[in-house]
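Numbering (the working numbering), first residue to last: 58 to 678.
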């Protein structure tokens, strides 16, 4: 991971990876194509999750992999003893001893299998649990502006694929089956080379082209699929729009179904045809490689027969070689047959590690933030990732402790962006924000968020119960019903609870049993109540009345003024009637501060605020 400053927001391809400019810094994301590295890192992680189970599984794999080679050797000895007994130079009891050893090997192999399956299932479950937790923890650590990038969501989509049911189990099966087959093939080849070194050389020459070709093919397939990640995300989104309950009304109302289906159909076949052309060419190559394998097997038998005639091999060894060649054929077929999927899975594991290595992450500062102090914003600019123009330009102002500040402006003027920068959710491109003497760049953001609360304009609608939707405003107190109901009363969600059959314990979605749907205004009351759940010294409401009727709006604002008493509060609103009751008003235009002052001061300026006030007042005159 490498970071350096750049002046523009863009992606720069390089041989080592992709430079990602995120919130004022550049992150080198290693696009490591070395599957051996991925495999080693995967094993290292697996051992870290459960060392004991990993070692037991590897031990069983080693034993199972060696058994076929051992069986070939024992069969060779058995053939030799049968010939010697037939010639009268050995006794039959020696044959029985060899048969007993052979039977014990087969019995041990059969007994190992159920224990192997049990340990595999347990290890797979532990790995999936560990992976899911790591993905979620990583998402929590990444800076929020990283989620504004399109290419980040491509990486995240590929990483999430590894958490799909059965993916890890399939990966483990493929890896361990290939490892077992490699051990088997290696043990048999070593045995054959001990009998005749030229037979070993011939087998290597015949066997190598197949896995090499498969290796190259699987790599090209993977990178084709990687290039199509964004198209596949669009396909998934179109499927969701065409089948989701939320979009069903507008899809029918505006007759969008045919257009969406045609869009999906064209893109689907664009992706499918690319894969088809590649797989068609690869299947032709595979057919040729299969023919090579058959000739290689025949060549091995002929060579062994010729070696017996020349006296380089015993007749008993020839019989064992026939079995060994079949074992080799099965082992190589397993390796080759699973190799494409195996390599594809390893590249996906590499994508997973790319995601886990992503940056930048939120800093873990040591300075405690006291939200009761004055807030100083000094020359702050901010630019969203992959955008050329700054959203905020040279913003400077001070919020006094206990002050109620309204932020107003047109849509797209930067109001919501500014409050997210103030809360440390976004890191400014330049400038600084200080809470008292503590700069946010050096601050412990956890301490800041523990003493702030907010209801955002783009709040989330959780498919949980009403109780949980409010209680998550203060997780450590969400089990305290009195606090939940008090927050609901402050935000107006108590009226929502009264209208529900199961009250606070009603799931807020029809996708679950006994659930229900709510209106936009009801959801907004819940979001505000969630913010009021935390009795913090710094309060932010972002467009709190966007979906409320006038009566509910007046009630919420009255509660906001009451709650904000002796606290620092920010109100983002289009409604200047609400803004005028705050101590000061900050007017944003095109990402810059146009004006700042009290309601009366701004009216006297006859500037931007005066124009907005006159325009809104005109609707009521």
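Built from N, CA and C at the ideal position, the CB exists for glycine as well.
Residue 450 and residue 435 have their C-alpha atoms some 11 Å from each other. Rounded to the nearest whole angstrom, the C-alpha separation of residue 504 and residue 124 is 60 Å. Going by C-alpha positions, residue 528 is about 28 Å away from residue 432. If you draw a straight line from the Cα of residue 314 to the Cα of residue 292, it is about 14 Å long.
In the three-state DSSP reduction, residue 229 falls in the helix class (H, G or I). Scanning the stretch 462-493 from its first residue to its last, the whole alpha helix (DSSP H) runs of 4-plus residues come out as 472-479. Runs of the beta strand (DSSP E) lying entirely within the stretch 531-608, each at least 3 residues long, are 595-599 in chain order.
Per DSSP, reduced to three states, the secondary structure at residue 301 is coil, with no helix or strand assignment.
Around the beta carbon of residue 491, 16 or more other beta carbons sit within 10 angstroms, so the residue counts as buried. Between the alpha carbons of residue 131 and residue 349 lies a gap of roughly 30 Å. In the DSSP assignment, residue 439 falls within the beta strand (DSSP E) that extends over 432-439.
Annotated as proximal: residue 235 and residue 395, with beta-carbon spacing under 8 Å. At the C-beta level, residue 624 and residue 481 stay beyond 8 Å of one another. When C-alpha distances from residue 656 are compared across 650, 647, 648, 667, the shortest belongs to 667. Note that the C-beta distance between residue 553 and residue 598 is not below 8 Å. For residue 211, the three-state secondary structure derived from DSSP is helix. Excluding residues up to 5 positions away in sequence, 599 lie with their Cβ nearer than 6 Å to the Cβ of residue 513 in the same chain. Contact between the stretch 208-215 and the stretch 402-414 is present: three or more C-beta pairs spanning the two stretches fall below 8 Å. Counting along the chain, the unbroken alpha helix (DSSP H) around residue 634 starts and ends at 633-636. Here residue 360 is buried: its Cβ has 16 or more other Cβ atoms, across all protein chains shown, within 10 Å.
Counted as a single uninterrupted DSSP element, the stretch harbouring residue 624 is not any beta strand (DSSP E), since DSSP gives it neither H nor E. Rounded to the nearest angstrom, the Cβ distance from residue 372 to residue 140 is 7 Å, consistent with a contact under 8 Å.
Boundaries for residue 206: no alpha helix (DSSP H) harbours it, and the DSSP string shows neither H nor E there.
Distance from the CA of residue 621 to the CA of residue 560, rounded to the nearest whole angstrom, comes to 28 Å. For residue 98, the three-state secondary structure derived from DSSP is helix. Burial is judged here by how many other beta carbons sit within 10 angstroms of a residue's own beta carbon; residue 252 has at least 16 and is buried. Here residue 636 is not near residue 645, since their CB atoms are 8 Å or more apart. Here the stretch 235-248 makes contact with the stretch 114-123; the two share three or more CB pairs at distances below 8 Å. In the structure shown, residue 418 adopts extended strand secondary structure according to DSSP, grouped into three states.
Only exposed fits residue 469, as fewer than 16 other CB atoms lie within 10 angstroms of its CB. Counting other Cβ atoms within 10 Å of its Cβ, residue 619 stays below 16 and is therefore classed as exposed. Inter-residue distance for residue 370 and residue 364 is about 6 Å (C-alpha atoms, whole angstroms).
Considering only 506, 102, 467, 518, the residue with the shortest C-alpha distance to residue 428 is 506. Under DSSP, the beta-bridge partners assigned to residue 629 are 464, 599. Burial is judged here by how many other beta carbons sit within 10 angstroms of a residue's own beta carbon; residue 189 has fewer than 16 and is exposed.
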